[in-house]
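Take a look at the structure set out below.
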Amino acid sequence: MYLPRNIDAKLKKWASSRYRKPLILRGARQVGKSASVAQLGALFPFFLVVDFEHQDFKAVFEQDLDPKRIIKQLEVILGQRIIPKETLLFFDEVQECPRALMSLRYFQEQLPELHVIAAGSLLEFVLGSLSFPVGRVEYEYLYPLSFQEFLKWTGQEILAENLPEFNGDVLPHIDNMVAQKLNEALREYFIVGGMPEAVKVYAETSSFIEVRRIQDNLIQSFQDDIPKYVRGASQIRNIIKVFKRLAGSCCQQVTYSKLLDDDNKRNKQSVFLLEKAMLIHLVRATSPNGLPLGAHCSEKVFKPLFLDIGIAQRISGRQEEQIVQANDLVSMFQGQLAEQFVGQQMLAEKKGCENGKMYYWKRHKRGSTAEVDYIMSRNGEIVPVEVKSGKAGRLKSLHLLMREYPHIKVGLCMQSINQPSVHENIYFLPLYTKV
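Counting in our numbering, the final residue of the sequence shown is number 451, and the numbers go up one at a time with none missing.
Structure below.
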């Protein structure tokens, strides 16, 4: 049975738009791309899947890229008519056939009334070598389940409806019973994460042991994929080590030279490839002088945000009991998992990101080092976000940033608290609050 995702509404909006273009759905392996497209397909009279793991489909695209010829040959293979406005045509595992991706521009130009979606794993490696004329295709990204989606999938729909959201000025009120239940569910999410298969198994069994088995299989599949986009035994060994190292040090600043006791260029290449595989997301240091934030960012200084909090904690060897019994989710493990959680939610909800990019602030001056975990761009304003325990007086970096950049009016601090509050333009919010 399909369980709803936030992306469902976006896909429906795309399908109903008069101005839609062929859609490329991007995301890491096993985040639910094919299932989400199939759910959309159920709304069409006809839903046809072209799976490029089958050679017959690849052969169709070895000739010219005329959409009408392609449609005729696909109809023969599939044994069904492809009817514009009535058929959703899905190119699955499209990374196996780059020419199918190239054909999308011609579908847009010559057959715009036909609904076409393409998706696949490791798609970024293919897209990087292709050239799409501006305005010929659309893109959407799918990430692991957000905390709110996790609540819905685990039968806690009412709790999901009561998940507080901060809209920028009004503090949400949170019932104490709701806060207690959300904190309990949050501990589960820290362990299970948001990979669809892991969440589904947990919803059915309530067993962390079963979740662990699924996570181990996913980790192995990620590692099995590495030779598909990496050449050379030395680089393969390096990228596997870097993959594990970054899981254990998620959201901590990384320098290539200190990442592994290996060749600096090899370390850098491994990080680059893991980002393209969408197994990590690089949060880059920036100066919040103004928008866009990307105009002031450093390519050399970054923190890794891992694909999924559950996968990260599994690779790092942290025990479920440590999370279940922790007094403060923010302070445990030096705040790494809490910061990973906040960043993962911002990315999944597409809140505060700038064209899918994320940033933080790092200040280096002799005798003074300061860092703020995230810098958001929201409604034309720059909003710093700190994930930290303690009272307002302990937020030295956040106070320093707001003094140095007076155009920044408010800051956010995510904590293990039940009720939000505000002090000196800093809003203190429960860790699970949607921002």
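Even glycine gets a Cβ: it sits at the ideal position worked out from N, Cα and C. Quick caveat: nothing in here was measured; it's all calculated off a predicted structure.
If we ignore side chains and look at the alpha-carbon of each, how far apart do V340 and R203 end up? As a first step, residue 340 is located in the sequence shown; it is residue number 324 there, counting from the start. As a first step, residue 203 is located in the sequence shown; it is residue number 187 there, counting from the start. Cα to Cα, the separation comes out at about 6 angstroms.
Please confirm if S162 has its CB atom under 7 angstroms from at least one CB of chain C. Reference to chain C is not applicable here, since this structure consists of a single protein chain.
So V346 packs on K404, CB below 8 angstroms; how close in whole Å? What you label residue 346 is simply residue 330 of the sequence shown in a count that begins at 1. What you label residue 404 is simply residue 388 of the sequence shown in a count that begins at 1. The Cβ separation is near 7 angstroms, so the contact holds.
Consult DSSP for T271 and reduce its assignment to one of helix, strand or coil. Here the question's residue 271 lines up with position 255 in the sequence shown. Three-state result, T271: coil.
Three-state class that DSSP yields for Y375 in the structure shown: Walking along the sequence shown from the start, residue 375 turns up at place 359. Here Y375 sits in strand by DSSP.
Mapping the DSSP letters down to three states, classify P100 as helix, strand or coil. Along the sequence shown, one-based indexing puts residue 100 at 84. In this structure, P100 counts as coil in the three-state DSSP scheme.
How many angstroms separate the CA atom of L262 from the CA atom of L104? Here the question's residue 262 lines up with position 246 in the sequence shown. Here the question's residue 104 lines up with position 88 in the sequence shown. One C-alpha to the other measures close to 39 angstroms.
So who's on the other strand from V132, going by DSSP bridges? In the sequence shown, the residue the question calls residue 132 occupies position 116. The partner list for V132 (beta bridge, DSSP) reads L105.
Counted within 10 angstroms of its Cβ, other Cβ atoms place I190 as buried (16 or more) or exposed: Start at 1 with the first residue of the sequence shown, and residue 190 comes out as number 174. Label assigned to I190: buried.
Nearest CA to the CA of E16: which residue from E112, G95, D108? With the chain covering 17 to 451 only, the question about residue 16 has no answer from this structure.
For V18, the three-state DSSP class (helix, strand or coil): Position 2 of the sequence shown, counted from the first residue, corresponds to residue 18. Per the sequence presented here, residue 18 reads as Tyr, with Val not at that position. In this structure, Y18 counts as coil in the three-state DSSP scheme.
Could you spell out the range, first to last residue, of the alpha helix (DSSP H) harbouring A114? Mapped onto the sequence shown, residue 114 falls at position 98. With the sequence shown as reference, residue 114 is identified as Pro, and Ala is not the correct amino acid for it. Unbroken alpha helix (DSSP H) run through P114: 114 to 126.
For F322, which beta-bridge partners are listed by DSSP? What you label residue 322 is simply residue 306 of the sequence shown in a count that begins at 1. Paired residues: I296.
Q239 to N441, Cα distance in whole Å? Here residue 239 refers to the residue found at position 223 when the sequence shown is read from its first residue. Here residue 441 refers to the residue found at position 425 when the sequence shown is read from its first residue. Using only the alpha carbons, I get a separation of about 45 angstroms.
Under the DSSP definition of a beta bridge, which residues are partnered with P446? What you label residue 446 is simply residue 430 of the sequence shown in a count that begins at 1. Paired residues: Q431.
What is the rounded straight-line gap between the Cα of D82 and the Cα of K88? For the purposes of this step, residue 82 is identified with residue 66 of the sequence shown, where counting begins at 1. For the purposes of this step, residue 88 is identified with residue 72 of the sequence shown, where counting begins at 1. If you take the alpha carbons of D82 and K88, they lie about 10 angstroms apart.
Rank K366, M430, S237, D279 by C-alpha distance to the C-alpha of R394 and give the top, closest one. Mapped onto the sequence shown, residue 394 falls at position 378. When only C-alpha atoms are compared, the closest one is K366.
Taking S437 as part of the beta strand (DSSP E), name the residues at either end of that continuous run. Counting from 1 along the sequence shown, the entry for residue 437 is found at position 421. Looking at the DSSP string, the run of the beta strand (DSSP E) that includes S437 is 437 to 439.
Taking only three categories from DSSP, how would you classify T385? To locate residue 385, count along the sequence shown from 1; it is residue 369. Three-state DSSP puts T385 in a strand.
Using the Cα positions of K425 and G368, report the straight-line distance between them to the nearest angstrom. Mapped onto the sequence shown, residue 425 falls at position 409. Mapped onto the sequence shown, residue 368 falls at position 352. The alpha-carbon atoms of K425 and G368 are separated by roughly 16 angstroms.
D67: first and last residue of the uninterrupted alpha helix (DSSP H) it sits in: The residue you call residue 67 lines up with position 51 of the sequence shown. D67 -> not in any alpha helix (DSSP H); beta strand (DSSP E) instead, spanning 62 to 67.
Spatial neighbours of A328 within its chain, please: CB distance less than 7 angstroms, with the 5 preceding and 5 following residues excluded, ordered by chain position. As a position in the sequence shown, residue 328 is number 312, starting the count at 1. Once the five neighbours on either side are set aside, the close Cβ partners of A328 are A263, C266, F322, Q356.
C-beta atoms of P446 and L187 nearer than 7 angstroms: Position 430 of the sequence shown, counted from the first residue, corresponds to residue 446. Position 171 of the sequence shown, counted from the first residue, corresponds to residue 187. No. Outside cutoff.
Buried or exposed: which applies to Y35, given that a residue is buried once 16 or more other Cβ atoms fall within 10 Å of its Cβ? Here residue 35 corresponds to residue number 19 of the sequence shown, with the count starting at 1. Exposed, by the Cβ-count rule.
If you check the beta carbons only, do F141 and K292 fall under 7 angstroms apart? As a working note, residue 141 is residue 125 in the sequence shown. As a working note, residue 292 is residue 276 in the sequence shown. Cβ atoms of F141 and K292: closer than 7 angstroms.
Per DSSP, what kind of secondary structure is R247 in: helix, strand or coil? Here residue 247 refers to the residue found at position 231 of the sequence shown. In this structure, R247 counts as coil in the three-state DSSP scheme.
6 angstroms CB neighbourhood of S332 in its chain, flanking five on each side removed: Counting from one through the sequence shown, the residue named residue 332 turns up at place 316. A263, G264.
Determine the closest residue to R219 out of V194, L179, E165, with distance taken between C-alpha atoms. On the sequence shown, position 203 is the one that residue 219 refers to. Inspection of the sequence shows that residue 219 is occupied by Ala rather than by Arg. The shortest C-alpha separation from A219 is found at E165.
To the nearest angstrom, how far is it from the Cα of G151 to the Cα of L59? The residue given as residue 151 occupies position 135 in the sequence shown. The residue given as residue 59 occupies position 43 in the sequence shown. Those two C-alpha atoms are separated by around 26 angstroms.
Per DSSP, what are the beta-bridge partners of R394 in this structure? To locate residue 394, count along the sequence shown from 1; it is residue 378. For R394, which the question treats as bridged, DSSP gives the partners E397.
Where T221 and G171 are concerned, what is the direct C-alpha to C-alpha distance, given to the nearest angstrom? If you number the sequence shown from 1, residue 221 lands on position 205. If you number the sequence shown from 1, residue 171 lands on position 155. If I take the Cα positions, the gap works out to 12 angstroms.
For the stretch 225 to 233 against the stretch 244 to 262, are there 3 or more C-beta pairs whose distance is under 8 angstroms? no
Do you know offhand how far M17's Cα is from M348's? In the sequence shown, counting from the first residue as 1, residue 17 sits at position 1. In the sequence shown, counting from the first residue as 1, residue 348 sits at position 332. Rounded to the nearest angstrom, the two C-alpha atoms are 36 angstroms apart.
What are the partner residues of L41, as DSSP defines its beta bridges? For the purposes of this step, residue 41 is taken as residue 25 along the sequence shown, with counting starting at 1. Looking at the DSSP assignment, L41 forms a beta bridge with A135, E156.
Relative to the C-alpha of W254, which candidate in G306, F224, F288 has its C-alpha closest? Here residue 254 refers to the residue found at position 238 when the sequence shown is read from its first residue. According to the sequence provided, residue 254 is Asn. The question's Trp does not apply to it. Of the candidates G306, F224, F288, the one whose C-alpha sits nearest the C-alpha of N254 is F288.
Coil, strand or helix - V186 by DSSP: Here residue 186 refers to the residue found at position 170 when the sequence shown is read from its first residue. Residue state, collapsed to three classes: coil.
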